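J.: For the sequence shown, position 28 (counting from the first letter as 1) is numbered 28 according to my numbering, and the numbering increases by one without interruption.
Using N, Cα and C, we set each Cβ at its ideal position, and we do this for glycine too.
None of the values given here were measured: they were computed from a predicted structure.
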Amino acid sequence: MTFVVHGLPVARGIAIGRAVLVVSSRIDVAHYFIKPEQVETEIDRVRMARNAVAEELHKLQASVALMGPNDAPHELSALLDVHQMLLQDEVLTGGVKHWIVERLYNAEWALTTQLEVVARQFDEMEDEYLRERKADLEQVVERLLHRMKGTAAVLAPTPPRRKRTAEDDDHDPTANDAFDAPLVLIAHDLSPADMLQFKKSVFAGFVTDVGGRTSHTAIIARSMDIPAVVGARSASQLVRQDDWVIIDGDAGVMIVDPSPIILAEYGFKQRQGDLERGRLSRLRHKPAVTLDGQRVDLLANIEMPEDTLGAVKAGAVGVGLFRSEFLFMGRESHNLSRLPDEEEQYQAYLRAVEGMKGMPVTIRTIDVGADKPLDSKSQREDNHLNPALGLRAIRWSLADPAMFLTQLRAILRAAAHGEIHLLIPMLAHVSEIRQTLSLVDFARAELDNRGAVHGPVKLGAMIEIPAAALTLKTFLKHFDFLSIGTNDLIQYTLAIDRADESVAHLYDPCHPAVLRLVADTIAECRRQGKGVSVCGEMAGDVAFTRLLLGLGLRSFSMHPSQILAVKQEVLRADTTKLEAWAQEVLESENPAAALVRV
Ligand code: PEP
Ligand code: MG
């Protein structure tokens, strides 16, 4: 039966495919596709873990048998029997094998996927005793996952392949023998590290239960340039593995089990979207200049050095924001050292510089914390705090000077090979500015002492806390340029957690207070002849291009996938006409309405 699930639109377009459910587990589980030749190894890993857990349970059973009734209740022994039974259950083991062989999931992913399938069967049972066995199954799976830790294969991001079934032909309007159904990802939540892993795969779209428009999961979805919906509440509960779904990233809805008529309609919309993209791609080599001759820099936001490929392809004239924290995340589940060392970071920054072929690269120092934990363990540890207001970004770096100096040395060394701008996130206090600048000097001195080659950098600060936007003179005294992080600036100005879908309707880039802070920052930088750009999601949203141009902005940094649409707006704009109008919008009580009127 067809039904619709509503969420927030975060990345445009239509995706039609089979659902791949990613379930969250209490254990940090890596999700990746294996190569066909690794299937046997993955099956072996599960088999070995199962044997080890069986042995473990057996030992426990033996020790329980030796205890008296006062030390070990009778139920404990019965429970261990149940665990043994679940461990050997054909539905679990056969299902895991199915996901590995048919979908090329790594062993852990296959295990958590099958856990979800079986857990739902338990949920539907009439008998309360049997229903409660779900918790036992979860414990057994956790034991298996623990056993598998440290035995993971090297990541092999290859496209998934699954065998075609007769069922596919019934549903799919474009059926043909060589067809492999596109896959769409459905999850309760995905950590940014998980998203990064999926970025290397070929999902056609994705939906999560949680998340706001500028949550980091949404940001990476946008950078993957696939239709995405977040904040869809119970989507992952309503969809089953392999269901056919349509993701409408424009409207923010997911249609489950669509009828042939709905499929045909969305197939048409999808083709329209492809045509529009084709049309925009002709603008790739056109300089971004307004009708009145103003040159506008359209820069790229990237998460990994390899993203520079897409940035250059999209016609970016540099990187305006390299979110370096992605080099630091999700390493634990892949058996890597907790943090990348200086050499590893240097190589990564160098690859970014080389990838941009002489164009400037703005590297932002690590910004972990809030909804970007280093790994799932630190996420759990931080749960009792309010992480968005806690030890995040520069605060985290200043709390761990050795880690920060390592990163600074790596960036300064890479600066010997190209134009690097060093950007500091979340500064608010002059004391933080002073400490940061003296650590930059110190890192340089360390390199000198070592005789290591390093290069000059332009120093910039992010304006993403209202306190920073209200003390611009201090910032401009110390920095060469400023970059406005509207995602956080909106969050902190309006007291709205950007990752929380329950308050997403109040997350408003058009709030007069937000626009005032953005406008004043641009104006003050221009007055002092300092560079200023916007690198939050507002920069890539065509609804704001004309307003930002009217406010004097000439440097926009966004996902490569958004560059051509923004360029189209720039090419159609006349800034001489936009200036007065932008001031009107700024003065308006309801800027959103004033924006639409133009
Ligand atoms: C921002 O806050 O606008 C920004 C660009 O940084 P991030 O989204 O990584 O917090
Ligand atoms: Mg930010």
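Of the choices Arg120, Thr112 and Asp127, whose alpha-carbon is the least far from that of His146?
T.: Per the Cα distances, Thr112.
J.: Going by Cα to Cα distance, which pick from Lys199, Pro182 and Leu183 is closest to Leu190?
T.: Minimum Cα distance to Leu190 is reached at Lys199.
J.: Roughly how far, in whole angstroms, is the beta-carbon of Ala232 from the beta-carbon of Thr208, given that I think they are within contact range, below 8 Å?
T.: Yes, Ala232 and Thr208 are in contact; Cβ-Cβ is about 7 Å, under 8 Å.
J.: Got a sec, what are the start and stop residues for the alpha helix (DSSP H) Val91 sits in?
T.: Run containing Val91: Glu90 to Arg103, per the alpha helix (DSSP H) assignment.
J.: In whole angstroms, what separates the C-alpha of Leu92 from that of Glu56?
T.: Roughly 19 Å separates the two Cα atoms.
J.: For ligand 2, which residues have a Cβ under 6 Å from at least one heavy atom, in chain order?
T.: Counting every residue whose Cβ lies closer than 6 Å to a heavy atom of ligand 2, we get Pro425, Glu464, Gly485, Asn487 and Asp488.
J.: Is the beta carbon of Arg213 less than 8 Å from the beta carbon of Tyr507?
T.: Yes. Within cutoff.
J.: Alpha carbon to alpha carbon, what distance is there between Trp109 and Ser483?
T.: Approximately 39 Å, taken between the alpha carbons.
J.: Can you have a look at Pro287 and say buried or exposed, based on whether 16 or more other CB atoms are within 10 angstroms of its CB?
T.: Pro287 comes out exposed.
J.: Verify the contact flag: Gly536, CB atom, against every heavy atom of ligand 1, threshold strictly below 7 Å.
T.: Because some heavy atom of ligand 1 lies under 7 Å away, the Cβ of Gly536 counts as near it: yes.
J.: So, are the CB atoms of Ile186 and Ala235 less than 8 Å apart?
T.: Yes, the Cβ-Cβ distance between Ile186 and Ala235 is below 8 Å.
J.: Under 7 Å: does the beta carbon of Asp367 sit that close to some heavy atom of ligand 1?
T.: The answer is yes for Asp367.
J.: For a test of the three-state rule: what should DSSP assign to Pro9, helix, strand or coil?
T.: Strand, per DSSP.
J.: What residue from Arg351, Glu464, Phe442 and Leu391 has the CA that sits closest to Ile687's CA?
T.: Nothing about residue 687 can be read from this structure; the chain reaches only from 1 to 598.
J.: Taking only the alpha-carbon atoms, compute the straight-line gap between Asp500 and Ala543 and give it to the nearest angstrom.
T.: Their Cα atoms are separated by approximately 23 Å.
J.: Check the DSSP bridge columns for Met558 and list the partner residues they point to.
T.: According to DSSP, Met558 bridges with Ala300.
J.: Quick one: what does DSSP say Met462 is sitting in, helix, strand or coil?
T.: Strand at Met462.
J.: Looking only at C-alpha atoms, which of Met538, Lys357 and Arg392 sits nearest to Gly369?
T.: Closest by alpha carbon: Arg392.
J.: What do you reckon, are the CB atoms on Val353 and Ala410 nearer than 8 Å?
T.: Cβ atoms of Val353 and Ala410: not closer than 8 Å.
J.: Output the distance between the C-alpha atoms of Ser223 and Glu306, rounded to the nearest integer angstrom.
T.: Approximately 12 Å between the Cα atoms of the pair.
J.: Given this structure, state the Cα-to-Cα distance separating Ser561 from Glu126, to the nearest angstrom.
T.: Rounded to whole angstroms, Ser561 to Glu126 spans 49 Å at the Cα level.
J.: What number of angstroms, rounded off, separates the C-alpha of Asp250 from the C-alpha of His58?
T.: Straight-line Cα distance between these residues: approximately 54 Å.
J.: Compare the beta carbon distance of Thr617 and Glu537 with 8 Å and say whether it is the shorter of the two.
T.: With the chain represented from 1 up to 598, any question about residue 617 goes unanswered, as that position is not in the structure.
J.: Counting pairs of beta carbons, one from the region 99–107 and one from the region 36–45, are three or more of them closer than 8 Å?
T.: Judged by Cβ distances under 8 Å, the region 99–107 makes contact with the region 36–45, as three or more pairs qualify.
J.: According to DSSP, is Gly418 helix, strand or coil?
T.: Coil at Gly418, not helix or strand.
J.: Is the beta carbon of Ile302 within less than 7 Å of some heavy atom of ligand 1?
T.: Answer for Ile302: no, Cβ out of range of ligand 1.
J.: On the three-state DSSP scale, how would you describe Val82?
T.: Val82: helix per DSSP, three-state reduction.
J.: To which residues of the same chain is Ser557 closer than 6 Å at the C-beta, ignoring the five residues directly before and after it?
T.: Closer than 6 Å at the Cβ level, and outside the excluded window around Ser557, lie Leu299, Asn301, Gly320, Leu321, Ser533, Cys535 and Ala539.
J.: Leaving out five residues before and five after Leu60 in sequence, what residues of the same chain have Cβ atoms less than 7 Å from its Cβ?
T.: Excluding sequence neighbours, Leu60 sits near Leu80.
J.: When you compare each of Ala452, His478 and Leu489 to Glu464 by their alpha carbons, which one comes out closest?
T.: It is Leu489 whose Cα lies nearest to the Cα of Glu464.
J.: Does Asn386 come out as helix, strand or coil in the three-state DSSP assignment?
T.: Coil.
J.: Quick check: is any heavy atom of ligand 1 less than 7 Å from the C-beta of Arg323?
T.: The answer is yes for Arg323.
J.: Excluding the 5 residues flanking Ser77 on each side, which residues of the same chain have their C-beta closer than 6 Å to its C-beta?
T.: Excluding residues within five positions, the ones whose Cβ falls inside 6 Å are Val64.
J.: With distance defined between alpha-carbon atoms, name the residue in Trp244, Lys567, Val585 and Ile366 nearest to Asp541.
T.: Taking only the C-alpha atoms, the option nearest Asp541 is Lys567.
J.: Determine the closest residue to Glu432 out of Arg47, Glu343 and Ala461, with distance taken between C-alpha atoms.
T.: Among Arg47, Glu343 and Ala461, the Cα nearest to that of Glu432 belongs to Ala461.
J.: Sorted by chain position, which residues of the same chain lie with C-beta nearer than 8 Å to Arg295's C-beta, five sequence neighbours on each side aside?
T.: Taken in chain order, the residues that qualify are Pro287, Ala288, Val289 and Arg554.
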